[in-house]
Amino acid sequence: MHEKTVAELSAALGAGEASSEEITRALLARVERLDARLNSFITVTAERALEQARTADRRRARGEAGPLTGIPIAYKDIFCTLGVRTSCGSRMLDNFTAPYESAVTARLEAAGMVMLGKTNMDEFAMGSSSETSHYGPVRNPWDPQTVPGGSSGGSAAAVAARLSPAATGTDTGGSIRQPAALCGISGLKPTYGRVSRFGMIAFASSLDQGGPMARTAEDLAWLLGAMAGFDPRDSTSVDEPVPDYVAELGRGIEGLRIGLPREYFAEGLDPGVARAVEEAVAECRRLGAQVREISLPNTRLAVPAYYVIAPAECSSNLSRYDGVRFGHRCEDPADLEDLYKRSRSEGFGAEVKRRILVGTYVLSAGYYEAYYRKAQQLRRLIREDFRRAFEDVDVIMGPTSPSAAFRLGERLDDPVTMYLSDIYTIAVNLAGLPALSIPCGFVDGLPAGLHVIGDYFQEGRLLALAHRYQQATDWHRRVPAGFGA
Amino acid sequence: MALESGEVEKIAHLARIAIRAQDVPEYRRNLSRILEFVEQMNAVDTRDVEPMAHPLDAAQRLRPDEVTETDRREHFQAIAPRVDAGFYLVPKVIE
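Quick look at the structure:
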C-alpha cells in the first residue's frame, strides 16, 4: 500500500480495494518502524489520523468522497494545526499548541485528507539541509550520511521513504524544490499568492509560499488544486480562479518552447547533475519540445539580494517572539529587557540568530539604502530578466540544485556555502514565479532534480510537462534501498 | 564589510538577543562574511531602478472596517507562559 501514489490510492479507495483506516494504519506502522533512521517527523498524530480515516471511510460510504478523501498526508511543522504542537523546528515553539488551523491544512482536511503528523524542518525554515532543527537533523533515505536538503527536508524524506504518499512544504528560497531534488521526489512552489499563507508561520513574507510535495506531478496537480485559492485572511492572496490542474495534465510537451539559461550551466554545477539535466532536456526534445539557449544576466545577484531581503523580513517577523504571549520564556527575568533578550537567545538556534542579526543590521539607521533598497532594486532587475525570457519561451529549465545531497555537517559552519545550495531556486522566489522540481537521474547513487520555471500562474503548464516527462521516464519510481517492502 | 565587536553588540541589543561575550568573535566573523558576500550587489548600477517590494506589484488590499474576529482570549491565555486574571505577566516596568 505504501508504494502507491496519491492517484493510485484514490483509485484503490474508489474501487473499495482498501479503506482509509487500513491505509492509514499501514503507513503509521511504517513511520513507527522506519522513521528512527530518518527523523523526518517531529510529531506523529496517530490517534487523530485514525479518527480522520474513519471519518473519511464513513464519508465514502455515504457517497460523499472526493478524490483526496481518506488519503494520508504529512504537514511540515510550520503549518498551524489546531490543538497539535506546531514547533517550526524551534525550541522557541516547543511548547506552542496552535490556537487555530492554517488555511492549507484546513483545505486539505476539508478535502478529506488524513494528517499523519508534522514533519521536521530547518528551524523557522531557515536552512538548506534540515540540520538546524531543535529536534535533530533529518537524514536522506538514499544515504543516511547525507542531508535531505531543506528546509522542508522532513517532508521530502518522508515522501521519498514511502512513509507518506504526500506532504506539504513551504518555499522561501528553494525549501520545497531543493529537498525534493535531493530526495528524488516531486515538489512545486506555486506563484506567490496562489496558496494562502494564513497560519503558515512567517519567515520572509514577500517570498514565502506553501506548496505540495509528492512522488509524481500528477499527485502535485491533485494536491495543488485542493490547496490553492483566494483567502481574505492573507493580505497577499491572489483573487484568481483556480484552474483544473488535473484536467490540464493532458496538455503534454509538444511544441513547448524551453529556454536553457546559459548562466545555470556555468561554473559551480556538479558535472553529474549537469549530465542528468542535459539528458532530461534531450528527453523533452524527443517528446516534441523546442529547446533554445537564453540568458538571465542578473542570475549571480539573486543570492546576495536574497540574503538581504530574507533576513530583513525575518528580523521583522521574528520580533513577535518576545517570551510574553506564547513560546519560550526564560527563567527568572530581572527586568523586561532581560526577559526579551534571554528568551530569544535561548529560544532561537544559531542560524536563526545570525539571520535576525543580519536583518537587524541591514534595516538599521544609515544602512537601509545601501542594503535593503539596493536589494529591492536588484529584485526588479532579476524579475525583468524573467519577464524578457518569457517573451520567447514557455518554460525555463535547469538543475534544481548545483549538487546532489551533501554530507551531514559539511556546510553547517559555513553559512555562505550553504546559501549557495539555493543558487538556482532563489531567483524564482524573488520574482514570485511558479517552479517545480522532478527527479531526473542519479549521481553516484544520489538523486538529481530537474528545475522547471514557468510564468505567473502557469502551474498547469509546468505540471503537464512534468507529467509527460514522468510517463516517459521512471526516475520518480525509484525507491531508496531499505524503504521498499 | 568587516564588523567591529562593538557593532555586533549594538545589533544584538537592537534585535533583543543576548550574546555571551565569548561568542562575539564568532558572530563577528560569520556576520562579516555574510555582509561581504552581499556586497556583490554593489557591482551593479541601479540608479534609475524602482525598488520592488512585491513580485506582482500588487497594492495592499483593503476591507470594510467590520469586526471579523471572535473573542479567543481564553485560547490565547492558555498558551501564554505567565498569566494572571486575564493578563499577560511581565517583570515590573514602572517603579
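Those protein sequences? They're chains A and B, same order as listed.
Numbered per the numbering used here, the first sequence spans residues 31 to 515.
Numbered per the numbering used here, the second sequence spans residues 41 to 135.
Don't be surprised by glycine CBs; every beta carbon is placed ideally from N, CA and C.
Expressed to the nearest angstrom, what Euclidean distance is found between the alpha-carbon atoms of A/ARG409 and A/THR85? To locate residue 409 of chain A, count along the first sequence from 1; it is residue 379. To locate residue 85 of chain A, count along the first sequence from 1; it is residue 55. Taking the Cα positions, A/ARG409 is about 47 Å away from A/THR85.
At the 8 Å Cβ level, is B/GLU109 part of the contact set with chain A, yes or no? Numbered from 1 along the second sequence, position 69 holds the residue referred to as residue 109 of chain B. Cβ-Cβ to chain A under 8 Å: no for B/GLU109.
Quick one: any contact between the stretch 53-71 of chain A and the stretch 114-132 of chain A, if contact means 3 or more CB pairs under 8 Å? Result no; under three Cβ-Cβ pairs closer than 8 Å.
To be precise: take each residue of the stretch 214-245 of chain A, compare its Cβ to all Cβ atoms of chain B, and keep it if any distance is under 7 Å. Which residues remain? Correct list: TYR222, GLY223 and SER236.
Does the stretch 80-98 of chain A come close enough to the stretch 347-362 of chain A to have 3 or more Cβ pairs within less than 8 Å? Fewer than three beta-carbon pairs drawn from the stretch 80-98 of chain A and the stretch 347-362 of chain A are found closer than 8 Å, and the two stretches are therefore not classed as touching.
Decide yes or no for the touch test of the stretch 324-336 of chain A against the stretch 78-86 of chain B: beta carbon pairs closer than 8 Å, at least 3 of them. yes
Less than 8 Å separating the beta-carbons of A/VAL425 and A/LEU286? On the first sequence, position 395 is the one that residue 425 of chain A refers to. On the first sequence, position 256 is the one that residue 286 of chain A refers to. Yes, the Cβ-Cβ distance between A/VAL425 and A/LEU286 is below 8 Å.
Is the beta carbon of A/THR149 closer than 8 Å to that of A/ALA197? Locating residue 197 of chain A in the first sequence gives position 167, where the first residue counts as 1. Locating residue 149 of chain A in the first sequence gives position 119, where the first residue counts as 1. Contact flag set, yes.
Per DSSP, A/TYR105 forms a beta bridge with which residues? Along the first sequence, read from residue 1 onward, the residue named residue 105 of chain A stands at position 75. Note: A/TYR105 sits in a beta bridge opposite A/LYS148.
Whose C-beta lies closer than 7 Å to the C-beta of A/ASN170 among residues of the same chain, with five residues either side of it excluded? Counting from 1 along the first sequence, the entry for residue 170 of chain A is found at position 140. Counting only Cβ-Cβ distances below 7 Å, and skipping sequence neighbours, we find THR176, VAL177, PRO178, ALA187, LEU212, CYS213 and ALA435.
So, with DSSP's three-state summary, where would you put A/ILE283? Start at 1 with the first residue of the first sequence, and residue 283 of chain A comes out as number 253. The answer is coil: DSSP assigns A/ILE283 none of H, G, I, E or B.
Answer with yes or no whether the minimum CB distance from B/GLN80 to chain A is below 8 Å. One-based indexing of the second sequence puts residue 80 of chain B at position 40. Yes, contact with chain A.
Going along chain B, which residues have a C-beta under 7 Å from A/THR127? By 1-based counting over the first sequence, the position of residue 127 of chain A is 97. The answer, in chain order, is ILE119.
Compare the C-beta of B/ALA55 with all C-beta atoms of chain A and state if any pair is closer than 8 Å. The residue you call residue 55 of chain B lines up with position 15 of the second sequence. B/ALA55 counts as touching chain A.
Would you please verify whether the beta carbon of B/PRO104 is less than 8 Å from any beta carbon of chain A? Position 64 of the second sequence, counting from 1, holds the residue named residue 104 of chain B. For B/PRO104, the answer is no, since every Cβ of chain A falls outside 8 Å of its Cβ.
Figure out for me which residue from A/VAL276, A/THR162 and A/ALA310 has the closest Cα to the Cα of A/LEU290. The residue given as residue 290 of chain A occupies position 260 in the first sequence. Comparing Cα-Cα distances from A/LEU290 to each of A/VAL276, A/THR162 and A/ALA310, the minimum goes to A/ALA310.
Close Cβ partners of A/ALA251 (< 6 Å) along its chain, the five nearest in sequence each way excluded: Here residue 251 of chain A is taken as the residue at index 221 of the first sequence, counted from 1. Around A/ALA251: TYR275, VAL276, LEU279 and LEU493.
Would A/GLU367 pass as a contact of A/GLU153 if the rule is Cβ separation under 8 Å? Start at 1 with the first residue of the first sequence, and residue 367 of chain A comes out as number 337. Start at 1 with the first residue of the first sequence, and residue 153 of chain A comes out as number 123. In this structure, A/GLU153 does not lie closer than 8 Å to A/GLU367 by Cβ.
Listing by chain order, which chain B residues have their CB less than 7 Å from the CB of A/PRO363? Here residue 363 of chain A is taken as the residue at index 333 of the first sequence, counted from 1. Result: PRO131.
Along chain B, which residues have their Cβ under 7 Å away from the Cβ of A/ALA335? Residue mapping note: residue 335 of chain A aligns to position 305 of the first sequence, counting from 1. Ordered by position in chain B, the residues that pass the 7 Å Cβ test against A/ALA335 are MET81.
Using CA atoms only, rank isn't needed, just tell me which of A/TYR165, A/ALA511, A/MET145 and A/GLY44 is closest to A/MET151. For the purposes of this step, residue 151 of chain A is taken as residue 121 along the first sequence, with counting starting at 1. A/MET151 has its Cα closest to that of A/TYR165, out of A/TYR165, A/ALA511, A/MET145 and A/GLY44.
Cutoff 8 Å: B/ILE74 Cβ touching any chain A Cβ: Taking the second sequence and counting its residues from 1, one reaches residue 74 of chain B at position 34. By this cut-off, B/ILE74 is an interface position.
Go through its chain and collect everything with a Cβ distance to A/MET448's Cβ below 8 Å, but skip five positions before and after it. Sequence index remark: in the first sequence, residue 448 of chain A carries index 418 (1-based). These residues qualify, in order along the chain: GLY157, SER158, SER159, ARG441 and LEU442.
Residues of chain B with CB under 7 Å from A/GLY462, in chain order? Reading the first sequence from its first residue, position 432 is the one you call residue 462 of chain A. In chain order: PRO95 and LEU96.
Please name the residue or residues paired with A/SER467 in a DSSP beta bridge. Here residue 467 of chain A refers to the residue found at position 437 of the first sequence. Answer is A/GLY217 and A/HIS481.
Spatial distance of A/ARG121 from A/GLU376 (CA atoms): Residue numbering aside, residue 121 of chain A sits at position 91 when the first sequence is read from its first letter. Residue numbering aside, residue 376 of chain A sits at position 346 when the first sequence is read from its first letter. Each residue's Cα considered, the two are about 8 Å apart.
Roughly how many angstroms lie between the CA atoms of A/THR111 and B/ASP88, to the nearest whole one? The count along the first sequence starts at 1 and reaches residue 111 of chain A at position 81. The count along the second sequence starts at 1 and reaches residue 88 of chain B at position 48. So the alpha carbons of these two residues sit roughly 45 Å apart.
Could you name the residues of chain B that A/ALA405 contacts, counting a contact when the two beta carbons are closer than 7 Å? What you label residue 405 of chain A is simply residue 375 of the first sequence in a count that begins at 1. By Cβ distance, chain B contributes MET81.
What are the boundary residues of the alpha helix (DSSP H) that A/GLU323 is part of? On the first sequence, residue 323 of chain A is found 293 positions in, with the first residue counted as 1. Careful: A/GLU323 lies outside any alpha helix (DSSP H), inside the beta strand (DSSP E) at 320-324.
Near A/GLY439, what residues of its chain come up, given a Cβ to Cβ distance below 8 Å and the 5 sequence neighbours on each side ignored? Locating residue 439 of chain A in the first sequence gives position 409, counting from the first residue. These residues qualify, in order along the chain: GLU161.
Give the residues of chain B in contact with A/SER265, contact being defined as C-beta atoms less than 7 Å apart. Position 235 of the first sequence, counted from the start, is the residue given in the question as residue 265 of chain A. GLN100 and ARG101, listed in chain order.
Going by other Cβ atoms of all chains shown within 10 Å of its Cβ, with 16 needed for buried, is B/ASN82 buried or exposed? On the second sequence, position 42 is the one that residue 82 of chain B refers to. Exposed is the call here.
Short CB-CB distance (under 8 Å) between B/GLU90 and chain A: Mapped onto the second sequence, residue 90 of chain B falls at position 50. It does: the Cβ of B/GLU90 has a partner Cβ on chain A nearer than 8 Å.
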